[in-house]
Amino acid sequence: MTTVKIINPTGHLATVPFEEESFWKGVEREPDFICADSGSNDIGPQPFGSDTSISPASWQKHDLELMLRASRELDVPMIVGSAADTGTDRGVDQFVEFIHEIAAEQQLDEFKLSAIYSEVTPEVLVERIDGGEVVEGLNGRQSLTRETVDNTEHVLAAMGVDPYIEALEAGADVIIAGRSVDAALFAAPAIWSGIPENVAYISGKIMECASLLAEPFAGKETVLGTLTEDDVVFEAMSDYQRVTPESLANHAMYERADPFIETVPRGELNMQGCDYISVDDERARVTGAEFTPAEQQTIKLEGAGKVGERYMMITGIRDPYIIDNLDEALEMSRDNVEKQLDVDEYELHYHVYGQDGVMGDFEPSEETPHEVGIVVEGIAPTAEDAEEVTMRAGMSFFYLRLPEIKGTGGTAAFISDEAMPAQPAYTWSINHVIDVDDPVELQDIEYHSVGGGSA
Amino acid sequence: MKHVQLPEVTKTVRSKNAGIDQITFDIVFSEREIYEYVKEHQLLTEERVLSKFNFSKESIDVFVYFDPAQAVKFTIDRRHPNGSPGEHDLYGAQQYPPLFDITLSLPDRIVESNA
Chain P
94 MTTVKIINPT
104 GHLATVPFEE
114 ESFWKGVERE
124 PDFICADSGS
134 NDIGPQPFGS
144 DTSISPASWQ
154 KHDLELMLRA
164 SRELDVPMIV
174 GSAADTGTDR
184 GVDQFVEFIH
194 EIAAEQQLDE
204 FKLSAIYSEV
214 TPEVLVERID
224 GGEVVEGLNG
234 RQSLTRETVD
244 NTEHVLAAMG
254 VDPYIEALEA
264 GADVIIAGRS
274 VDAALFAAPA
284 IWSGIPENVA
294 YISGKIMECA
304 SLLAEPFAGK
314 ETVLGTLTED
324 DVVFEAMSDY
334 QRVTPESLAN
344 HAMYERADPF
354 IETVPRGELN
364 MQGCDYISVD
374 DERARVTGAE
384 FTPAEQQTIK
394 LEGAGKVGER
404 YMMITGIRDP
414 YIIDNLDEAL
424 EMSRDNVEKQ
434 LDVDEYELHY
444 HVYGQDGVMG
454 DFEPSEETPH
464 EVGIVVEGIA
474 PTAEDAEEVT
484 MRAGMSFFYL
494 RLPEIKGTGG
504 TAAFISDEAM
514 PAQPAYTWSI
524 NHVIDVDDPV
534 ELQDIEYHSV
544 GGGSA
Chain S
2 MKHVQLPEVT
12 KTVRSKNAGI
22 DQITFDIVFS
32 EREIYEYVKE
42 HQLLTEERVL
52 SKFNFSKESI
62 DVFVYFDPAQ
72 AVKFTIDRRH
82 PNGSPGEHDL
92 YGAQQYPPLF
102 DITLSLPDRI
112 VESNA
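Protein sequences appear in the order of chains P and S. Each residue of the first sequence is one higher than the one before, starting from 94 at the first, in our numbering. Each residue of the second sequence is one higher than the one before, starting from 2 at the first, in our numbering.
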């Protein structure tokens with residue numbers, strides 16, 4: 094019977110360096126593959142739009158080095174997907190460069206590296222749209238238009254298992270891939286080794302966040318998945334964690350809209366019939382997942398577009414009379430900007446902590462706080478305009494002309510009299526689904542020889 | 002019957018982004034017997050949850066009892082994708098507290114045997 098062992102040291106590479114002790118315990122178990130996911134759209138559109146990492150290079154290199162050393166010691170493939178937080182071409186190149194550096198520093202013997210790129214050039218999409226193809230939007234978005242593509246900085250096609258399988262088939266020892274479906278980078282080596290798709294995908298889905306599948310809570314410890322044709326058994330490599338049916342089921346529904354159905358490029362995973370069963374005090378297993386291949390494979394497209402330059406200003410208010418009349422105060426702030434400034438295009442948002450800063454419109458509480466902190470967020474096409482808008486909106490709280498004001502020395506408290514530059518504002522402009530006939534048509538796969546003294 | 006607040010009988014009450022357009026909530030009960038009773042008597046429903054938050058019925062996309070985790074899960078549509086200008090909670094992680102206000106009426110014996 095086919096058995097495949099996969100270890101995963103981290104749910105998101107380099108957000109914090111992963112723990113070494115449990116990792117080497119995982120390596121001792123002689124896994125067949127070492128895999129980790131390196132990106133997520135959870136971090137918001139800003140890194141995708143600006144094409145930057147959120148994690149420091151030193152942490153990225155720390156995690157990659159440990160994985161690479163283990164991979165070469167055991168001579169088993171190492172797989173990293175959604176490289177450098179965004180999985181953009183820059184992210185892939187960044188990690189490929191680190192792999193070269195580490196191989197030279199560690200004087201590793203020669204190995205084969207595959208770089209898989211998943212950024213889609215705008216021309217490719219525009220051509221398809223112009224040719225009449227409808228690229229459907231998710232969650233009520235309109236179908237993709239040329240304008241939306243033009244307003245998006247980097248378009249990513251979240252790859253499924255097929256590009257990974259192609260690279261493994263070509264003998265890759267190390268795979269650094271761009272934006273991927275999280276489960277795919279675990280499911281791919283399993284499928285390539287002969288594990289059926291239902292077990293492969295449920296394994297990937299549950300183990301892609303590493304030690305979050307075990308209890309008690311821990312972020313960066315290694316877990317081991319042992320896959321057979323019938324089931325997958327999970328085990329925590331740290332000595333203070335254990336895996337139970339509840340911890341697995343709890344994690345299976347984490348960050349998912351629906352605990353029963355998941356769509357990947359190749360088809361649909363149905364978890365309705367899943368059983369989560371205890372193996373012993375430390376381990377638990379999952380059976381009963383079903384996979385239905387899609388008639389037409391589809392790939393999710395993601396991308397962020399820039400909204401403008403952004404500034405923020407913090408002000409505090411303690412006067413209960415003003416707090417009782419906060420709506421009017423906010424209105425006055427908006428009015429001042431609208432009427433007094435000569436700025437054509439801008440956006441203003443007010444974050445009122447103490448009232449509804451955390452929940453916004455969802456906030457049910459009507460309690461009156463004794464103080465509020467207001468963060469003014471101003472966005473405009475230029476930094477100059479964004480700063481001006483934000484300053485004017487923020488300063489208006491200091492000079493509030495409410496009828497019965499007693500505090501005529503100033504109606505707001507500042508830490509310092511300034512609007513602070515923030516990262517530019519971005520928004521997710523593309524969240525669409527595109528048909529693919531060839532499952533690797535939107536990816537570019539390259540091969541390099543690394544190590545062994547090669548440059 | 003005893004009236005218990007949700008935090009007394011749950012080990013996890015959380016919210017988090019599910020993709021960029023939705024926020025998903027998980028209410029995980031500490032004891033299976035309590036979960037089964039709540040499920041059988043439908044003590045948690047869409048309406049019950051709606052009454053604690055200020056969002057519309059149309060924005061609830063999923064509401065299920067998930068037996069393997071002894072949990073109730075519901076998912077709502079965000080007004081704007083995560084990280085848009087004016088974002089209140091980038092990761093959607095702090096939207097659950099109004100659920101703490103929910104009171105459940107449970108039979109005495111169930112509360113006592115699961116204390």
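Backbone N, C-alpha and C define an ideal beta-carbon position, used for all residues, glycine too.
Going along the segment 134-154 of chain P in order, which residues come within less than 7 Å of chain S, judged by CB to CB distance? Those residues of the segment 134-154 of chain P that come within reach of chain S (Cβ to Cβ, closer than 7 Å) are N134, D135, G137, P138, Q139.
Grab me the residues of A387 (chain P)'s own chain with a C-beta within less than 6 Å of its C-beta, minus the 5 sequence neighbours each way, in chain order. On the first sequence, position 294 is the one that residue 387 (chain P) refers to. Cβ within range, chain order: G360.
Same chain, Cβ closer than 7 Å to L231 (chain P), five either side skipped, listed in chain order: Locating residue 231 (chain P) in the first sequence gives position 138, where the first residue counts as 1. Closer than 7 Å at Cβ, skipping near neighbours: N524, H525, V526.
Contact set between the segment 34-66 of chain S and chain P, restricted to residues whose Cβ is under 7 Å from the partner: Those residues of the segment 34-66 of chain S that come within reach of chain P (Cβ to Cβ, closer than 7 Å) are K53, F54, N55, F56, D62, V63, V65.
Round the Cβ separation of Y519 (chain P) and K432 (chain P) to the nearest angstrom and send it over; I've been treating them as touching at under 8 Å. For this step, residue 519 (chain P) is matched to residue 426 along the first sequence. For this step, residue 432 (chain P) is matched to residue 339 along the first sequence. Actually they do not touch by this definition, with Cβ atoms about 29 Å apart.
Taking S57 (chain S) as part of the beta strand (DSSP E), name the residues at either end of that continuous run. Locating residue 57 (chain S) in the second sequence gives position 56, where the first residue counts as 1. Careful: S57 (chain S) lies outside any beta strand (DSSP E) and carries neither H nor E.
Is there a C-beta anywhere in chain S that falls below 8 Å from the one on N291 (chain P)? Looking up residue 291 (chain P) in the first sequence gives position 198. Not flagged as an interface residue toward chain S: N291 (chain P), since no C-beta distance is shorter than 8 Å.
Classification of V227 (chain P) by the beta-carbon crowding that lies within 10 angstroms, buried from 16 upward: By 1-based counting over the first sequence, the position of residue 227 (chain P) is 134. With fewer than 16 other Cβ atoms within 10 Å, it is exposed.
Once you ignore the five residues that flank L91 (chain S) on each side, which residues in its own chain have a CB closer than 7 Å to its CB? The residue you call residue 91 (chain S) lines up with position 90 of the second sequence. Short of 7 Å from the beta carbon of L91 (chain S), and not among the five residues preceding or following it, lie these beta carbons of its own chain, in chain order: N83, G84.
Out of P:A293, P:V533, P:D435, point me to the one whose CA is closest to T95 (chain P)'s CA. On the first sequence, residue 95 (chain P) is found 2 positions in, with the first residue counted as 1. Looking at the Cα atoms, P:A293 is the closest of the given residues.
Can you look up T241 (chain P) in the DSSP assignment and give me helix, strand or coil? Here residue 241 (chain P) refers to the residue found at position 148 when the first sequence is read from its first residue. Looking at T241 (chain P) - three-state DSSP - the assignment turns out to be helix.
Would you mind stating whether G119 (chain P) and G180 (chain P) have Cβ atoms separated by less than 8 Å? Locating residue 119 (chain P) in the first sequence gives position 26, where the first residue counts as 1. Locating residue 180 (chain P) in the first sequence gives position 87, where the first residue counts as 1. The answer is no: Cβ separation not under 8 Å.
E301 (chain P) - partner residues in DSSP beta bridges: Numbered from 1 along the first sequence, position 208 holds the residue referred to as residue 301 (chain P). Note: E301 (chain P) sits in no beta bridge, so no partner.
So with Cβ pairs under 8 Å, would you call V73 (chain S) a contact of chain P? Along the second sequence, one-based indexing puts residue 73 (chain S) at 72. Closer than 8 Å: no.
Closest by CA to V468 (chain P), which one among P:G503, P:P514, P:D435, P:I498? On the first sequence, position 375 is the one that residue 468 (chain P) refers to. Selection P:G503, P:P514, P:D435, P:I498 evaluated against V468 (chain P) yields P:P514 as nearest (Cα-Cα).
I need the straight-line Cα distance from D223 (chain P) to D182 (chain P), nearest angstrom please. Walking along the first sequence from the start, residue 223 (chain P) turns up at place 130. Walking along the first sequence from the start, residue 182 (chain P) turns up at place 89. Answer to the nearest angstrom: the Cα atoms are 25 Å apart.
Closest residue to P149 (chain P) among P:I99, P:E123, P:F188, P:G225 (Cα-Cα distance): Here residue 149 (chain P) corresponds to residue number 56 of the first sequence, with the count starting at 1. The shortest Cα separation from P149 (chain P) among P:I99, P:E123, P:F188, P:G225 belongs to P:F188.
For the alpha helix (DSSP H) holding Y38 (chain S), just list the boundary residues, first then last. Indexing the second sequence from 1 puts residue 38 (chain S) at position 37. Where Y38 (chain S) is concerned, the enclosing alpha helix (DSSP H) stretches over 33-41.
Quick check on DSSP: helix, strand or coil for V63 (chain S)? As a first step, residue 63 (chain S) is located in the second sequence; it is residue number 62 there, counting from the start. V63 (chain S) falls in the strand class under three-state DSSP.
Among P:D202, P:S151, P:S146, P:M425, nearest to F491 (chain P) - alpha-carbon criterion: In the first sequence, counting from the first residue as 1, residue 491 (chain P) sits at position 398. Here the closest residue by C-alpha is P:M425.
Three-state secondary structure (DSSP) at M160 (chain P)? Translated into the one-based positions of the first sequence, residue 160 (chain P) becomes position 67. The answer is helix: DSSP assigns M160 (chain P) an H, G or I state.
Does the beta carbon of E456 (chain P) come closer than 8 Å to any beta carbon on chain S? As a first step, residue 456 (chain P) must be located in the first sequence, where it is residue number 363. Output row for E456 (chain P): interface = yes.
Buried or exposed: where does R378 (chain P) fall if 16 or more other Cβ atoms within 10 Å of its Cβ makes it buried? Working through the first sequence from its first residue, we reach residue 378 (chain P) at position 285. Buried.
Could you check the C-alpha separation between E470 (chain P) and V436 (chain P) for me, to the nearest Å? The residue given as residue 470 (chain P) occupies position 377 in the first sequence. The residue given as residue 436 (chain P) occupies position 343 in the first sequence. Straight-line Cα distance between these residues: approximately 15 Å.
Leaving out the 5 sequence neighbours to the left and right, which residues in its chain are closer than 7 Å to E205 (chain P) when beta-carbon positions are compared? Position 112 of the first sequence, counted from the start, is the residue given in the question as residue 205 (chain P). Going by the sequence as given, residue 205 (chain P) is Lys instead of Glu. The answer, listed in chain order, is G264, A265, D266, Y540, S542.
Please identify, using Cβ separations under 9 Å, the residues of the segment 85-102 of chain S that lie next to chain P, in order along the chain. For the segment 85-102 of chain S, the beta-carbon criterion of a distance under 9 Å to any beta-carbon of chain P is satisfied by S85, P86, G87, E88, H89, D90, L91, Y92, G93, Q95, Q96, P98, P99, D102.
C-beta contact flag for E383 (chain P) and T25 (chain S) at 8 Å: One-based indexing of the first sequence puts residue 383 (chain P) at position 290. One-based indexing of the second sequence puts residue 25 (chain S) at position 24. Cβ distance not < 8 Å, so E383 (chain P) and T25 (chain S) don't count as in contact.
Distance, Cα to Cα, V529 (chain P) vs V482 (chain P)? Numbered from its first residue, the first sequence carries residue 529 (chain P) at position 436. Numbered from its first residue, the first sequence carries residue 482 (chain P) at position 389. Each residue's alpha carbon lies about 45 Å from the other.
With a threshold of 16 other CB atoms inside 10 Å of the CB of S52 (chain S), please say whether the residue is buried or exposed. Taking the first residue of the second sequence as 1, we reach residue 52 (chain S) at position 51. Result: exposed.
Under 8 Å by Cβ, that's how I've got P532 (chain P) and D255 (chain P) pegged, so tell me the actual separation to the nearest angstrom. Position 439 of the first sequence holds residue 532 (chain P). Position 162 of the first sequence holds residue 255 (chain P). Under the criterion of beta carbons closer than 8 Å, P532 (chain P) and D255 (chain P) qualify as touching, at roughly 4 Å.
What are the boundary residues of the beta strand (DSSP E) that S16 (chain S) is part of? If you number the second sequence from 1, residue 16 (chain S) lands on position 15. Annotation for S16 (chain S): the continuous beta strand (DSSP E) segment containing it runs 11-19.
Residue nearest to A270 (chain P) in terms of C-alpha spacing, selected from P:I508, P:S211, P:S304: Residue numbering aside, residue 270 (chain P) sits at position 177 when the first sequence is read from its first letter. Cα-wise, what sits closest to A270 (chain P) is P:S211.
Would you report the Cα separation of A177 (chain P) and A197 (chain P), rounded to the nearest angstrom? Residue numbering aside, residue 177 (chain P) sits at position 84 when the first sequence is read from its first letter. Residue numbering aside, residue 197 (chain P) sits at position 104 when the first sequence is read from its first letter. A177 (chain P) and A197 (chain P) have their C-alpha atoms some 21 Å from each other.
State yes or no: is the C-beta of F67 (chain S) within less than 8 Å of the C-beta of P352 (chain P)? Start at 1 with the first residue of the second sequence, and residue 67 (chain S) comes out as number 66. Start at 1 with the first residue of the first sequence, and residue 352 (chain P) comes out as number 259. Against a cut-off of 8 Å, the Cβ pair of P352 (chain P) and F67 (chain S) comes out as a contact.
Is the CB-CB distance between D449 (chain P) and E456 (chain P) below 8 Å? In the first sequence, counting from the first residue as 1, residue 449 (chain P) sits at position 356. In the first sequence, counting from the first residue as 1, residue 456 (chain P) sits at position 363. Contact: yes.
Please name the residue or residues paired with P514 (chain P) in a DSSP beta bridge. Here residue 514 (chain P) refers to the residue found at position 421 when the first sequence is read from its first residue. Beta-bridge pairing links P514 (chain P) to P:Y404.
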